[in-house]
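The structure appears right after this line, and notes come after that.
Residue numbers (my numbering): 128 to 378.
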């Protein structure tokens with residue numbers, strides 16, 4: 128199966144890493160279903176226009192990934208548009224910084240619901256299509272934060288660690304169905320969400336100094352790893368996590 132007739136759903140695709148992944152996969156021959164929440168519709172339209180300019184199809188599938196009914200409706204939209212889905216990139220995520228001793232319960236719940244539960248709900252909704260065809264590539268965007276974390280991000284770290292654990296078990300459950308499941312763990316990437324770590328010049332310099340390559344990552348830096356896991360080149364790779372961090376976490 129060549130990339131030129133493959134389809135992929137990318138969640139959280141309106142900007143940052145998600146938009147970069149969507150455009151990167153379109154350049155590699157994929158038709159793209161673009162997901163984000165309703166208030167990001169204008170940004171999604173812009174990404175869709177760029178994909179169509181590349182000669183690929185783009186379908187917008189609005190949904191809050193933490194809402195089961197919305198996710199199930201999104202899966203139906205994708206099925207009606209493409210007939211099937213070959214790959215999914217679970218990129219949708221949020222970060223609300225806060226120290227543990229003062230962290231609001233709602234912040235914990237919101238981060239876990241989008242980052243961890245959202246990943247689960249999207250996969251659960253798409254698995255029947257993948258199992259029916261005995262083929263699927265699942266790429267979950269975790270984070271190096273799920274491996275060692277940072278102050279004020281305990282709930283974010285917990286959510287991304289959950290994504291990695293979930294993916295390892297998922298890989299064991301669906302491998303016999305021709306489906307792989309892997310994680311990409313971005314490091315410090317210059318996105319709207321990443322700026323939580325980077326607004327302070329001293330903090331930015333500190334992260335640069337901790338990175339072997341001595342620079343902050345760009346969303347484009349994440350695309351290649353995702354494209355590999357989504358491709359047939361990774362047909363015998365499953366249950367793995369790959370750090371894309373310029374050299375911060377060495378494992």
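All C-beta atoms in this analysis are idealised placements derived from N, C-alpha and C, irrespective of residue type, glycine included.
Annotated as proximal: residue 316 and residue 344, with beta-carbon spacing under 8 Å. In terms of CA proximity to residue 266, 313 leads the group 228, 313, 230 and 209.
In the DSSP secondary-structure assignment, residue 157 is bridged to 133. Under the 8 Å Cβ criterion, the segment 168-184 does not count as touching the segment 226-234, having fewer than three qualifying pairs. Look at the beta carbons and you see the segment 220-228 not touching the segment 357-367: under three pairs across the two are nearer than 8 Å.
In this model, residue 138 and residue 171 are separated by some 11 Å (Cα to Cα). Under the criterion of beta carbons closer than 8 Å, residue 352 and residue 330 do not qualify as touching, at roughly 25 Å.
Here residue 311 is actually not in contact with residue 254; their C-beta atoms are around 20 Å apart, not less than 8 Å. Residue 343 sits in coil when the DSSP states are folded into three classes, being neither helix nor strand. According to the DSSP assignment, residue 255 belongs to the alpha helix (DSSP H) that extends over 245-260. Look at residue 176 here: in three-state DSSP terms it is helix. In this structure, the beta-carbon distance from residue 306 to residue 257 falls below 8 Å. When secondary structure is reduced to three states using DSSP, residue 196 falls in the helix class.
In the DSSP assignment, residue 313 falls within the unbroken beta strand (DSSP E) covering 306-313. Under the three-state reduction of DSSP output, residue 263 falls in the strand class. Excluding sequence positions up to five before and after residue 252, its CB lies within less than 6 Å of the CB of 198, 199 and 202, all in the same chain and listed in chain order. Residue 328 has its alpha-carbon roughly 30 Å from the corresponding atom of residue 290.
According to the DSSP assignment, residue 368 belongs to the beta strand (DSSP E) that extends over 368-371.
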